[in-house]
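Visitor: Just passing along the structure, written as structure tokens.
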Amino acid sequence: MSFPQIPLSDDEWLIRESGWVPDTPNQHRQGDRESILALGNGYIGIRGALEESPAGATPQTYVAGVFDKSTAETVEIVNLPNPFDFRIYADGAPVAVDRMDVVSHERTLDMKKGLLFRETEYRSHSGRYGYRSVRALSAHDKHIAMMRVSFVSYDSDIDILVKSGIDASTMNIRPEMGTTVKHYTTDEEDRIGNASYLSVMTKDSGIVVSYAAELSVRRSDDEVAESDKSDVVVDVVRTSEWCDDRFTENVHFRAEKGVVYTVDRIVSVYTSRDLPREQIRDASLNALNRSSEIGFDRLLEAHIDSWNRTWEAADIAIECAGAGDGERGGEGPDCDVSRALRFNLYHLLIAGSDSDDQVSIAPKALTAEWYGGHVFWDTELFVLPFFTFTDPAVARNLLLYRYHRLPAARKNAREYGFAGARFPWESADTGEEATPGDWFDKAGNLIMVHTMEREHHITADVAYAVYQYYMATGDSEFMSEYGAEIILESARFWASRGVRNDRTGRYEIRAVIGPNEYQECVNNNAYTNYLAGWNLRCAVSLCNDPAITLPQPQPTMDELQEWQRIADEIDFAVRDDGMIEEFEGYFKRDNTVLSERNEMGMPVYPDAALMDRVQETQLVKQADVVMLLHLFSDDFSLDVKRKNLEYYERRTTHESSLSPPIYAILYAETGDVDAAYRYFKYALYGDLGGNYGNTHHGIHSASMGGVWQAVVFGFAGVRMKESVLAVNPRLPDEWIRLRFNLCWHGARLKFEISRSEVSISAGSAGDLPVSLEIGGAIHELSGNETRVIEYGDDD
């Protein structure tokens, strides 16, 4: 007897979990898979916990923008009630992986369709049972969640109890501290016909989150199917209860041997961020009624259609050579690299919102509450480029999130005695500083946190992202209305932050933390100083851009002259030998080199004794000078890039997941494609292969954005040169062909790169023709045209 089926996509779109193995105290296999198999649609994010929530499960649910503080140290994203709480009892016995013998178990994330499938077979003293489920968070209607569960008893008739509900016992957990916080209280619970309604309210922020849910049961068997009555509603006994902070609908029925019973559950979710509080009950119930009338299957079709359109713009396809060699990097006609790459893209796609400009993307996106769901520089420099070049509407919203928080950034600057706007190191709902006072290092030691006081480069990072978006899209309306104000206010901050050294005649930025957070108080960090100077020059040039209408009051001529003078005199230099000193006095630190490598060719992390005195050494946590070389590639020669890359690579631990993809880009750009591919593969399998070691705390969105950049900016060699899009491919030996799409000034460009040719096609929309530089030559691409250009392979 087979279950009702929804066809799976081809294998290169599937992430599989096979077998059930309970966690041990030192393992986090269940938590890793919950992060990896998470679902989302930019509005809701739900971890891929098993429906029955076995011991050790973390069934966390997040709605973008719902923050609260309560008794937590800082405001944090709220772990909300779980709408996928679902349990089956067969003759009173719980059908669960930790309560019955598991004969087989497999889950499959279909990334192309945004669906999570499960199939488990159980054995108990009463017989064998089959269980199959599929879940989705609708990409068509962001307020709708869906789950279908099918169940069969293979050996006998049995009594079935289904307990399907909304679990409001969830809490925010800080496992490293051993603390929990419940951020909400029950607001209302009700039954309206066959619908269940529950709303909760956050304790401090007062946000109401509402759930309306409905459940239906039907049966299918061969005998019924032959009489053309394949879906017969089962006679059931329904009750509901509020118990142990769970609002549960209980469904009792007698199940016949060999008959498949299918339970469909539809849930609508709204918050008082979406609508006035008095309207969200009706909105939730109306959305549920509307969805129930449409039906599960048609809802699923609309969801899949939306995903198909999304992938048309965002997909990257790689054709590889050779034979497969396993999950961590096999190659072949359907090489695992494509699957792993799509996994990274999938998690970016489920994190971005094209409809809400008051939310951003956290390091763990909506897959976990680690870092409180706060927003760092990760978003602007690692995640946002993916959206800028594939879905500019999402990128625009991410930048508007910063714009709407300019008043808080101005206040932040004033509180520290500076002018302009200073963005917080960690931002949440209001844009005020949300960095905690302490945190745990890699060894588990509680340490003081100084980033909120000193890691000021984030202000220039945001300005850089604004300008990158403008250059890629030509969106002068956005720049005039919003972006210019961010850049100008950031420039005002840097003009007040720099101090002129009368002895040297240079402007210095003292007492900062650069990207290398091992060094917590340094002067003249090269990355920070260079971006500050760029920010000032960018503001001056923006005031001369005829396409831009400047915000009022406009900078005065004296102010512009001061900005230009500070930018020209800021303390930054490339030494005669081509080296860039990370910060003042860096080269005088203990010259510690990481010579030992692991099986993936990555540096072996130093021992505890060395890390205890890391500030005395030249060790680097993540790409710092190398990050600078990536962001301003055209400003530095290949010789300078190679020398600094070689020097800092031997001293960088890559403790941060932000680092490996940036090294991949620079290695590709400087011609060492083998090294680039090594770093790329490490980041590519950062979560999927467990390379980062803490995926149970959520996926690494910045690394995933970096992976996209490594492919497009690194191996494809795409760079912006003012109004020209340059392409200088350096494909890895393992790749035969690379296909991807980009948005450029409103035009949709399709790229296909082989080892000798670049094929580029343009549609009919956007600013056409497009100017392209390939192999140093300029080419014009008109609408509805395809150009095939030979570039040769340096190898």
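Numbering (my numbering), first residue to last: 395 to 1189.
Yeah, the Cβ is synthetic: ideal placement off N, Cα and C, and Gly gets one too.
Note that the structure is predicted; figures quoted are calculated from it, not measured.
For the beta strand (DSSP E) containing Ser599, list its first residue and its last residue.
Guide: That residue, Ser599, is in no beta strand (DSSP E); it is neither H nor E in DSSP.
Visitor: Which two residues bound the contiguous alpha helix (DSSP H) that contains Tyr924?
Guide: Ala920 to Leu936
Visitor: Check whether the Cβ atoms of Asp832 and Phe461 sit closer than 7 Å, and answer yes or no.
Guide: no
Visitor: Looking only at C-alpha atoms, which of Pro786, Met540 and Asn910 sits nearest to Thr845?
Guide: Asn910
Visitor: I need the straight-line Cα distance from Pro670 to Glu975, nearest angstrom please.
Guide: 54 Å
Visitor: In the DSSP assignment, find the unbroken alpha helix (DSSP H) run with His537 in it and report its ends.
Guide: It is not in any alpha helix (DSSP H) - His537 carries neither H nor E in the DSSP assignment.
Visitor: Apart from the five residues just before and just after Arg959, which ones in its own chain have a Cβ nearer than 6 Å to its Cβ?
Guide: none
Visitor: What are the partner residues of Ile438, as DSSP defines its beta bridges?
Guide: Val457.
Visitor: Could you tell me the alpha carbon to alpha carbon distance between Glu809 and Gly1080, rounded to whole angstroms?
Guide: 39 Å
Visitor: Just to confirm the assignment, what range does the alpha helix (DSSP H) spanning Arg886 have?
Guide: Ala878 to Arg891
Visitor: Give the straight-line distance between the Cα atoms of Arg900 and Ser890, rounded to the nearest whole angstrom.
Guide: Just so you know, the alpha carbons of Arg900 and Ser890 end up roughly 14 Å apart.
Visitor: For Ser621, which of helix, strand or coil comes out of DSSP?
Guide: The pLDDT assigned to Ser621 is 36, lower than 50, so where the model puts this residue is not dependable, and the model offers no usable value.
Visitor: Hey, how far is the Cα of Trp771 from the Cα of Tyr1057?
Guide: 18 Å
Visitor: Any contact between the stretch 627-634 and the stretch 514-529? By contact I mean 3 or more CB pairs, one from each, below 8 Å.
Guide: no
Visitor: Measure the CB-CB distance between His768 and Ala756 and report whether it falls below 7 Å.
Guide: yes
Visitor: Any idea what DSSP makes of Lys506, helix, strand or coil?
Guide: coil
Visitor: Start and end of the alpha helix (DSSP H) containing Glu847?
Guide: Thr845 to Arg848
Visitor: Hey, is Arg692's beta-carbon within less than 7 Å of any beta-carbon in chain C?
Guide: Chain labels in this structure do not include chain C; a single protein chain is all it has.
Visitor: So, using beta-carbon positions, are Tyr924 and Tyr876 closer together than 7 Å?
Guide: no
Visitor: With the cut-off set at 7 Å, would you say Asn476 and Thr564 are in Cβ contact?
Guide: yes
Visitor: Identify every residue that forms a DSSP beta bridge with Gly899.
Guide: Looking at the DSSP assignment, Gly899 forms no beta bridge with any residue, so it has no partner.
Visitor: What number of angstroms, rounded off, separates the C-alpha of Val1101 from the C-alpha of Ile552?
Guide: 51 Å
Visitor: Answer yes if the stretch 943-957 comes into contact with the stretch 1048-1068, meaning at least three C-beta pairs across the two stretches below 8 Å, and no otherwise.
Guide: Contact between the stretch 1048-1068 and the stretch 943-957 is not established, with fewer than three Cβ pairs separated by less than 8 Å.
Visitor: Check for me: the beta strand (DSSP E) holding His1173 runs from which residue to which?
Guide: Ala1171 to Leu1175
Visitor: Are the CB atoms of Glu348 and Arg481 nearer to each other than 7 Å?
Guide: Residue numbering for the chain in the displayed model covers 395 to 1189; residue 348 lies beyond these limits and cannot be assessed.
Visitor: Count the other CB atoms, across all protein chains shown, that sit within 10 Å of the CB of His646; report buried if there are 16 or more and exposed otherwise.
Guide: exposed
Visitor: What does DSSP give as the partner residues of Ala859 in its beta bridges?
Guide: DSSP lists no partner for Ala859.
Visitor: Which one or two residues does DSSP pair with Thr642 in a beta bridge?
Guide: Looking at the DSSP assignment, Thr642 forms a beta bridge with Gly559 and Glu635.
Visitor: Let's see if you can read the secondary structure: which residues bound the beta strand (DSSP E) around Arg736?
Guide: Unbroken run through Arg736 is the alpha helix (DSSP H), Asp730 to Leu743; no beta strand (DSSP E).
Visitor: Round the Cβ separation of Glu1146 and Ile1183 to the nearest angstrom and send it over; I've been treating them as touching at under 8 Å.
Guide: 11 Å between Cβ atoms; not a contact.
Visitor: Please go through the same chain and pick out, in chain order, the residues whose beta-carbon is closer than 7 Å to the beta-carbon of Ala1069, but skip the five residues on each side of it.
Guide: Tyr1061
Visitor: Tell me whether the beta-carbon of Arg443 lies closer than 7 Å to the beta-carbon of Glu428.
Guide: With the sequence shown as reference, residue 443 is identified as Ala, and Arg is not the correct amino acid for it. Yes.
Visitor: Rounded to the nearest angstrom, what separates Arg501 and Ser1176 at their Cα positions?
Guide: 46 Å
Visitor: Helix or strand or just coil, what does DSSP make of Ile400?
Guide: coil
Visitor: How long is the line joining the alpha carbons of Ala1002 and Phe834, rounded to whole angstroms?
Guide: 14 Å
Visitor: Name the two residues that bound the continuous beta strand (DSSP E) containing Asp583.
Guide: The residue you asked about is not Asp; residue 583 is Glu in the sequence shown. From DSSP, the beta strand (DSSP E) with Glu583 extends over Tyr578 to Ile586.
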